[in-house]
Amino acid sequence: MNAVAVANAGAAEIAHNKPSVLPQDIAAVSASLATGWLAPGPEVAALEAAYVRLHGGGDACAVSSGSAALLIALKGAGIEPGDRVAAPTYVCTAVLNAIAGCGASPILLDVEEDSFNVSPAHISDMNERPKAAIVVHTYGAAADVAGIAAHCGVVIEDCCQSLGGRTAGGEMLGRRGQASVCSFYATKIMTGGHGGMVYAANGGIAAFARDYVMFDGRDDWKPRFNFQMTDFQAALVRRQLDRLSEIVARRRKLAADYRAALPAGYGVQAGLDGPLAMPYRFVVRAPDAAARDRLHKHLGAAGIRCIVPLERKELLHRLLGLDPLRFPNAERIVATTLSVPLYPALTEGEAVRIVDALSKAPAP
Ligand SMILES: *Cc1c(COP(=O)(O)O)cnc(C)c1O
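If you're matching positions, the sequence shown starts at 621 in the numbering used here and goes up one per residue.
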């Protein structure tokens with residue numbers, strides 16, 4: 621055992637992720653359940669209103685997941701069978717599923733090596749103009765939505781990992797695209813177990829979403845689907861939204877402490893160290909795969925569960941059998957990155973252990 625492992629022998633392993641469910645959250649869910657109203661009701665309406673306030677206007681519709689939110693947003697943007705939708709290869713399959721769910725096909729794009737995001741150049745370099753692009757603010761780092769929108773019909777912002785983040789200019793993410801989506805899955809910034817949101821600064825696609833999920837008791841018929849959120853889920857998400865500024869502040873503090881502890885030779889994902897950033901993950905970039913694996917082993921020995929945040933086999937171009945040589949940056953990112961636990965439910969003692977272990981990481 622190395623020195624760090626000895627120091628931590630007997631200490632419980634620090635989970636890579638853990639939701640923050642406080643006693644007042646549980647009380648709010650219990651109170652919601654006790655009303656006897658479980659279907660979408662006052663808590664869903666209050667959550668939507670709070671979400672709109674956070675974004676300084678617009679309209680929002682709560683749904684059952686981030687995946688559902690993406691599907692509805694694309695449908696609301698008029699994406700139809702045969703359309704082509706641009707998306708990063710470095711993202712989870714929810715994005716691909718939503719495109720396929722519209723009968724459209726994906727145009728996968730490589731990402732920037734420092735921010736892990738698609739840049740306007742990735743779109744302008746294409747030899748076709750996609751009908752829409754899904755722009756992901758990866759791990760909270762703000763992508764250049766305005767720049768991408770200049771080359772593409774419709775932009776849907778995927779804010780599943782960036783809720784509460786702002787651009788360097790101070791604008792809340794999610795307001796630039798025709799719509800933005802968010803997820804309240806168990807490991808996201810805020811959670812209802814499952815859940816999601818469709819938001820539109822100009823209202824349009826959020827109103828479409830509300831119509832789309834309200835399938836029952838209508839006097840007309842067109843394809844709709846039950847993607848509604850329950851009221852007790854909304855009660856949980858709403859209490860977490862109430863303390864979003866604390867959640868973001870805690871994440872910024874942890875990320876700053878980790879960055880300061882990291883020995884020279886390691887890098888971190890760009891775009892997450894400003895005063896307005898929303899670090900959803902703390903992703904270390906090692907110079908090569910061997911150095912990443914050594915760091916992974918070192919932190920594991922210190923009782924800190926780290927993960928490769930997206931593995932090579934999960935890259936969308938790999939899943940679709942496309943030529944990996946067309947996606948060199950994404951290929952390099954999956955080979956050299958490691959995600960270190962970063963979430964408000966970390967205790968002070970756990971945070972100290974992580975900082976200590978990072979400071980003792982082997983030189984890469
Ligand atoms: C989690 C996530 C989704 C999917 O959200 P679910 O609620 O799990 O369906 C979509 N896009 C991104 C970027 C995500 O992180």
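The C-beta atom is built at its ideal place from N, Cα and C for all residues, glycine as well.
### Task
Can you have a look at residue 590 and say buried or exposed, based on whether 16 or more other CB atoms are within 10 angstroms of its CB?
Because residue 590 is not part of the residues shown, which for the chain are 621 to 984, the question remains open.
### Near ligand 1: residue 636 beta-carbon under 7 Å from a heavy atom
As a first step, residue 636 is located in the sequence shown; it is residue number 16 there, counting from the start. Taking 7 Å as the cut-off, one finds no heavy atom of ligand 1 near enough to the beta carbon of residue 636.
### Query
For residue 682 versus residue 667, is the C-beta spacing smaller than 8 Å?
Position 62 of the sequence shown, counted from the first residue, corresponds to residue 682. Position 47 of the sequence shown, counted from the first residue, corresponds to residue 667. Result yes, Cβ atoms of residue 682 and residue 667 sit closer than 8 Å.
### Query
Hey, would you say the C-beta of residue 781 is under 7 Å away from at least one heavy atom of ligand 1?
Reading the sequence shown from its first residue, position 161 is the one you call residue 781. Correct: residue 781 has its Cβ closer than 7 Å to ligand 1.
### Message
At a cut-off of 7 Å, would you count residue 690 as near ligand 1, judging by its Cβ distance to the nearest heavy atom?
### Response
As a working note, residue 690 is residue 70 in the sequence shown. Because some heavy atom of ligand 1 lies under 7 Å away, the Cβ of residue 690 counts as near it: yes.
### Task
May I ask you to report which of helix, strand or coil DSSP gives residue 621?
For the purposes of this step, residue 621 is identified with residue 1 of the sequence shown, where counting begins at 1. Any reading at residue 621 needs caution, since the residue's pLDDT is 46, under 50, leaving its predicted position unreliable; the model's value is listed next. Looking at residue 621 - three-state DSSP - the assignment turns out to be coil, as it is neither helix nor strand.
### Query
Is residue 739 near ligand 1, judged by its Cβ being under 7 Å from some heavy atom?
If you number the sequence shown from 1, residue 739 lands on position 119. It does not: the Cβ of residue 739 is nowhere closer than 7 Å to a heavy atom of ligand 1.
### Message
Contact defined as beta carbons within less than 8 Å: I believe residue 586 pairs with residue 959. What is the distance between those atoms, to the nearest angstrom?
### Response
Limits of the chain in this structure are 621 at one end and 984 at the other, which puts residue 586 out of reach.
### Message
Classify residue 646: buried if its beta carbon has 16 or more other beta carbons within 10 angstroms, exposed otherwise.
### Response
In the sequence shown, counting from the first residue as 1, residue 646 sits at position 26. Exposed, because fewer than 16 other Cβ atoms sit within 10 Å of the Cβ of residue 646.
### Task
Report the rounded CA-to-CA distance for residue 638 versus residue 968, giving the unit in angstroms.
Position 18 of the sequence shown, counted from the first residue, corresponds to residue 638. Position 348 of the sequence shown, counted from the first residue, corresponds to residue 968. Rounded to whole angstroms, residue 638 to residue 968 spans 14 Å at the Cα level.
### Query
Would residue 889 pass as a contact of residue 684 if the rule is Cβ separation under 8 Å?
Stepping through the sequence shown from its first residue, residue 889 is reached at position 269. Stepping through the sequence shown from its first residue, residue 684 is reached at position 64. Taking 8 Å as the Cβ cut-off, residue 889 and residue 684 do not qualify as a contacting pair.
### Task
Could you tell me which of 686, 933 and 874 sits nearest to residue 807, measuring between CA atoms?
In the sequence shown, counting from the first residue as 1, residue 807 sits at position 187. Minimum Cα distance to residue 807 is reached at 686.
### Query
If you compare alpha carbons, which of 811, 892, 741 and 977 is closest to residue 641?
Taking the first residue of the sequence shown as 1, we reach residue 641 at position 21. Of the candidates 811, 892, 741 and 977, the one whose C-alpha sits nearest the C-alpha of residue 641 is 811.
### Query
Where do the N-terminal and C-terminal ends of the beta strand (DSSP E) with residue 726 fall, by residue?
As a working note, residue 726 is residue 106 in the sequence shown. From DSSP, the beta strand (DSSP E) with residue 726 extends over 725–729.
### Query
Are the stretch 743–752 and the stretch 695–712 in contact at 8 Å, needing three or more beta carbon pairs?
yes
### Query
When every heavy atom of ligand 1 is checked, does at least one fall within less than 7 Å of the C-beta of residue 814?
On the sequence shown, position 194 is the one that residue 814 refers to. Within the cutoff, so yes.
### Query
Beta carbon of residue 712: closer than 7 Å to some heavy atom of ligand 1?
Counting from 1 along the sequence shown, the entry for residue 712 is found at position 92. Checking the 7 Å criterion, the Cβ of residue 712 is within range of a heavy atom belonging to ligand 1.
### Query
Counting Cβ pairs, one atom from each stretch, are 3 or more of them under 8 Å apart for the stretch 669–678 and the stretch 717–725?
Counting Cβ pairs under 8 Å, fewer than three are found: no touch.
### Query
Within the present structure, is the beta-carbon of residue 784 separated from the nearest heavy atom of ligand 1 by less than 7 Å?
Indexing the sequence shown from 1 puts residue 784 at position 164. No, the Cβ of residue 784 stays beyond 7 Å of every heavy atom of ligand 1.
### Query
residue 818 and residue 719: beta carbons closer than 8 Å?
Position 198 of the sequence shown holds residue 818. Position 99 of the sequence shown holds residue 719. Against a cut-off of 8 Å, the Cβ pair of residue 719 and residue 818 comes out as no contact.
#### Entry: Sheet register partners of residue 681 (DSSP bridge)
Counting from 1 along the sequence shown, the entry for residue 681 is found at position 61. DSSP output for residue 681 lists 818 as bridge partner(s).
### Task
List the DSSP bridge partners of residue 803.
Reading the sequence shown from its first residue, position 183 is the one you call residue 803. In the DSSP output, where bridge partners are listed per residue, residue 803 has 816.
### Task
Apply the 10 Å Cβ neighbour rule to residue 621 and answer buried if 16 or more other Cβ atoms are within range, or exposed otherwise.
As a working note, residue 621 is residue 1 in the sequence shown. Here the model assigns residue 621 a pLDDT of 46, short of 50, so the residue's position is not dependable and the matter cannot be decided.
### Query
Quick one: does the C-beta of residue 959 sit closer than 7 Å to a heavy atom of ligand 1?
Mapped onto the sequence shown, residue 959 falls at position 339. Distances between the C-beta of residue 959 and the heavy atoms of ligand 1 are all 7 Å or more.
### Every unbroken beta strand (DSSP E) inside the stretch 839–917 [3 residues or more]
902–905
### 8 Å Cβ cutoff met for residue 962 and residue 871
For the purposes of this step, residue 962 is identified with residue 342 of the sequence shown, where counting begins at 1. For the purposes of this step, residue 871 is identified with residue 251 of the sequence shown, where counting begins at 1. For residue 962 and residue 871, yes; Cβs fall inside 8 Å.
### Query
Closer than 7 Å: is that where the CB of residue 800 sits relative to any heavy atom of ligand 1?
What you label residue 800 is simply residue 180 of the sequence shown in a count that begins at 1. Residue 800: no, Cβ never under 7 Å from ligand 1.
### Residue span of the alpha helix (DSSP H) that contains residue 704, given as start and end
Sequence index remark: in the sequence shown, residue 704 carries index 84 (1-based). No alpha helix (DSSP H) contains residue 704, which is instead part of the beta strand (DSSP E) from 704–708.
### Task
For the stretch 922–975, list the beta strand (DSSP E) runs that are entirely contained and at least 3 residues long, ordered along the chain.
957–960
### Message
On the DSSP letters alone, give me the boundaries of the beta strand (DSSP E) that residue 753 sits inside.
### Response
Taking the first residue of the sequence shown as 1, we reach residue 753 at position 133. Per DSSP, residue 753 belongs to the beta strand (DSSP E) from 752–756.
### Query
By a C-beta neighbour count over all protein chains shown, 10 Å radius and 16 as the cutoff for buried, is residue 946 buried or exposed?
Residue 946 sits at position 326 when you count from the first residue of the sequence shown. Flag for residue 946 reads exposed.
### Message
Just to confirm before moving on: does the CB-CB distance between residue 731 and residue 759 stay below 8 Å?
### Response
Position 111 of the sequence shown, counted from the first residue, corresponds to residue 731. Position 139 of the sequence shown, counted from the first residue, corresponds to residue 759. For residue 731 and residue 759, no; Cβs fall outside 8 Å.
### Message
Are the CB atoms of residue 779 and residue 794 within a distance shorter than 8 Å?
### Response
As a first step, residue 794 is located in the sequence shown; it is residue number 174 there, counting from the start. As a first step, residue 779 is located in the sequence shown; it is residue number 159 there, counting from the start. Yes.
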